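Remarks on the structure that follows.
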């Protein structure tokens with residue numbers, strides 16, 4: 001897992017300044033979303049940023065120090081804060097879209113898993129409806145239309161209810 005340390009005020013990483021990257025290795029294989037990584041940031045009296053990432057399950061930890069001179073000048077900071085203010089609404093929309101995409105992605109993953117595990121307990125017609133809803137959501141995820149992604153997510157949730165019943 002790569003930890004990317006950024007400095008800035010924007011929601012999207014590409015609008016912030018990259019300070020450093022480092023890898024946390026030795027993480028045990030686990031189902032998606034299960035590893036628990038704790039990332040800590042600490043600035044000492046000399047202005048040195050200490051960043052650590054620790055896998056809570058294995059205790060493996062990586063650290064990096066970022067010297068004070070590698071950051072932004074006061075003028076750059078003022079410009080970035082001003083830029084963040086000017087793009088506050090865009091950043092809010094982006095944040096909401098990311099949340100919708102994450103929910104949809106989790107549903108796709110969970111539904112595929114449930115389909116593998118419990119698909120044999122569900123009538124073929126319902127399996128077809130679920131697979132169609134999966135494809136529709138995957139197609140919606142290729143774009144940035146939040147309303148379309150939300151609608152396809154809701155459609156997949158409804159189609160997948162048969163899987164939930166079969167799992168019970």
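Residue numbers (the UniProt record's numbering): 1 to 168.
In this text, a Cβ means the ideal position worked out from N, Cα and C, and glycines have one as well.
Quantities reported herein were computed from a predicted structural model and do not represent experimental measurements.
In the displayed model, residue 20 falls within a strand according to three-state DSSP. Residue state for residue 166 is assigned as helix, using DSSP reduced to three classes.
The beta carbons of residue 107 and residue 160 sit closer together than 9 Å.
A distance below 9 Å separates the beta carbons of residue 48 and residue 66. The beta carbon of residue 164 is closer than 8 Å to those of 114 in its chain, skipping five residues each way along the sequence.
CA-to-CA, the gap between residue 3 and residue 9 works out to about 18 Å.
Beta-bridge partners assigned by DSSP to residue 66: 49. Under the three-state reduction of DSSP output, residue 27 falls in the coil class, being neither helix nor strand.
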